[in-house]
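Protein chains in written order, with the working numbering: chain A, 30 to 281; chain B, 3 to 304.
Take a look at the structure:
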């Protein structure tokens with residue numbers, strides 16, 4: 030396998046005394062959608078949040094092992110978290126736009142990271158909104174509050190806000206769980222569009238969604254990565270009994 | 003089993019299922035009436051205070067009363083030095099207390115971990131809020147007036163008042179900061195913003211209304227207190243304006259105390275007029291706090 034986007038080597042993670050991830054080894058390939066599935070509380074969100082060190086915001090988190098992104102171990106104490114989070118962005122379960130205008134939401138990252146001129150920002154806003162197919166809907170009301178948008182628009186806006194920082198890897202933590210089926214379908218279409226330019230890792234409790242959109246799938250159970258491989262293989266002939274039990278709906 | 007069976011069922015000889023003698027509709031009405039009247043009673047003292055003070059004080063309010071210095075041993079003339087003194091003291095207190103209060107609230111809310119030290123600090127804040135105001139006065143006398151040799155001065159009084167309103171400002175700011183949804187912080191950090199950038203661009207703008215409100219309420223408290231300024235700044239009778247922060251000033255609450263109890267034969271108009279001015283200042287500040295809160299509440303919808 031050539032140069033993975035994220036390479037995880039014997040990763041362990043503890044919340045205080047609780048070991049949430051146990052000896053994870055995995056290799057996430059670039060320009061692909063990889064799903065992480067598993068029952069609630071198995072550690073799939075925890076794994077996702079390690080990839081841009083969002084777990085640091087919680088207290089009492091310890092890790093061991095390595096995660097190589099762009100040639101560097103991001104778990105090192107001296108890792109550059111700002112650079113990491115610019116490269117590896119996250120979309121959350123509940124759309125969480127800032128209580129600002131649509132325009133200000135998108136330029137938030139640019140304002141923090143760059144000295145950009147108004148014209149550049151305008152261009153950035155248009156590009157980002159076009160990438161998430163919101164430009165035509167919203168171009169006439171960029172000054173309105175983002176809180177007035179529908180849930181789906183909010184989630185798209187959050188993705189646009191992320192794209193504006195020019196990341197390479199998009200982490201999505203159950204990005205559709207607050208959305209209705211039609212909106213979910215449209216976000217999935219968007220993800221297929223986005224994988225041409227971005228590496229996407231998505232955590233989902235929805236197995237059909239994993240089967241529909243992802244190229245590769247990992248199954249996590251009680252903090253262990255039970256199986257990881259091509260999505261068809263996982264869903265048609267899983268090699269582990271536990272994977273088979275989960276995808277046939279025997280638990281979870 | 004339906005309801006009618008329940009009473010007939012001889013479950014055990016000791017168990018008697020008698021119908022409750024009190025009518026639930028009646029008790030409900032009674033309870034409602036009691037609760038309503040108790041709540042209504044809250045308005046009465048507020049209303050009475052305002053009505054009486056306004057009624058007795060308003061005739062004394064003239065331009066001369068507001069702008070002149072006290073004359074004839076405070077039995078005539080105005081209260082301008084006391085008004086100005088109170089404004090100086092309140093401003094001084096806020097200049098001192100707002101930065102410290104706000105910064106420590108930000109530290110406690112955004113940086114501090116839940117360890118022993120943090121708990122100790124929070125305990126200290128609670129206790130600071132519970133200290134009687136006269137104790138602050140004595141403390142200010144010992145520390146600022148005597149130890150730092152500021153003398154009885156605006157500086158000493160403002161610092162004392164500042165310390166007194168610190169817990170109000172910290173508590174209100176902390177509450178405002180903690181009411182900013184965690185998801186905003188998470189979104190900001192995930193976009194690569196540092197902790198400070200997150201505070202500066204996301205947390206503070208969303209907490210500012212609560213912080214301002216708390217600060218204004220603290221100001222109102224500072225404007226009305228007598229005990230903390232008693233030993234640290236307030237002049238009994240000083241018919242001139244202060245030249246520097248090391249001068250003494252008159253202040254409204256203390257002036258009111260003086261003309262009500264220490265000086266014989268002060269016209270009622272002057273006493274109640276002074277009370278009215280003080281009351282109006284404090285109520286105005288509280289009103290401002292309410293207006294600001296409403297204004298901001300309309301804007302945010304999370």
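For each residue, glycine too, the CB sits at the ideal point set by N, CA and C.
Note that the structure is a prediction, hence the values are computed from the model and not measured.
Residue state for residue 47 (chain A) is assigned as strand, using DSSP reduced to three classes. For the pair of segments examined, the segment 113-126 of chain A was found not to touch the segment 162-180 of chain B: the number of CB pairs separated by less than 8 Å stays below three.
Between the alpha carbons of residue 200 (chain B) and residue 213 (chain B) lies a gap of roughly 17 Å. Residue 141 (chain B) and residue 240 (chain B) have their C-alpha atoms some 24 Å from each other. Boundaries of the beta strand (DSSP E) harbouring residue 93 (chain A): 90-98, taken from the DSSP string. Counting C-beta pairs with one atom in each stretch, the segment 107-125 of chain A and the segment 158-171 of chain B have fewer than three that are closer than 8 Å, which means they do not touch.
In the three-state DSSP reduction, residue 237 (chain B) falls in the coil class, being neither helix nor strand. The segment 61-73 of chain B and the segment 259-277 of chain B touch, with three or more beta-carbon pairs separated by less than 8 Å. For residue 147 (chain A), the closest Cβ of chain B is not nearer than 8 Å. Close partners of residue 188 (chain B) in chain A (Cβ separation under 9 Å): 83, 86, 119, 121 and 125. Ranked by Cα distance from residue 86 (chain B), the first of B:261, B:264, B:242 and B:297 is B:242.
Taking a 10 Å sphere around the C-beta of residue 257 (chain B), we find 16 or more other C-beta atoms and assign the residue as buried. Listed along the chain, the chain A residues whose CB falls inside 7 Å of the CB of residue 111 (chain B) amount to none; the nearest CB is some 14 Å away.
When DSSP reads this structure, residue 251 (chain B) sits in a beta bridge with B:236. Taking C-beta atoms as the reference points, residue 231 (chain A) and residue 171 (chain A) fail to come closer than 8 Å.
Note on residue 202 (chain A): 16 or more other CB atoms within 10 angstroms of its CB, so buried under the neighbour-count rule.
When secondary structure is reduced to three states using DSSP, residue 151 (chain B) falls in the coil class, being assigned neither helix nor strand. Taking 4 residues as the minimum length, the alpha helix (DSSP H) runs contained wholly in the segment 165-215 of chain B are 184-192 and 197-200, in order along the chain.
Taken in chain order, the unbroken stretches of alpha helix (DSSP H) that lie wholly in the segment 229-264 of chain A and span 4 residues or more are 236-242. Residue environment for residue 296 (chain B): exposed (fewer than 16 other C-beta atoms within 10 angstroms of its C-beta).
Note that the segment 221-237 of chain B touches the segment 82-99 of chain B; at least 3 beta-carbon pairs, one per stretch, sit closer than 8 Å. Residue 108 (chain B) has a beta carbon lying at 8 Å or more from every beta carbon in chain A.
Any Cβ of chain B closer than 8 Å to the Cβ of residue 141 (chain A) would place that residue at the interface, and such an atom is present. Assignment of beta-bridge partners to residue 174 (chain A) by DSSP yields A:130. Not a single CB atom of chain A sits nearer than 8 Å to the CB of residue 212 (chain B).
Under the three-state reduction of DSSP output, residue 120 (chain A) falls in the strand class.
DSSP places residue 29 (chain B) within a helical segment (H, G or I) once states are collapsed to three. Assignment of beta-bridge partners to residue 83 (chain A) by DSSP yields no partner. Less than 8 Å separates the beta-carbon of residue 194 (chain B) from that of residue 194 (chain A). Residue 171 (chain B) and residue 42 (chain A) have their alpha carbons spaced roughly 40 Å apart.
Listed along chain A are 141, each with a C-beta nearer than 7 Å to that of residue 199 (chain B).
Put simply, the CB of residue 138 (chain A) is near chain B, with a gap under 8 Å to one of its CB atoms. Beta bridge pairing from DSSP links residue 38 (chain A) with A:95.
Contact annotation for residue 209 (chain B) against chain A: no contact, minimum CB-CB distance about 12 Å [criterion: below 8 Å]. Residue environment: residue 37 (chain A) is assigned as buried (16 or more neighbouring CB atoms within 10 Å of its CB, all protein chains considered).
In the structure shown, the three-state DSSP call for residue 283 (chain B) is helix.
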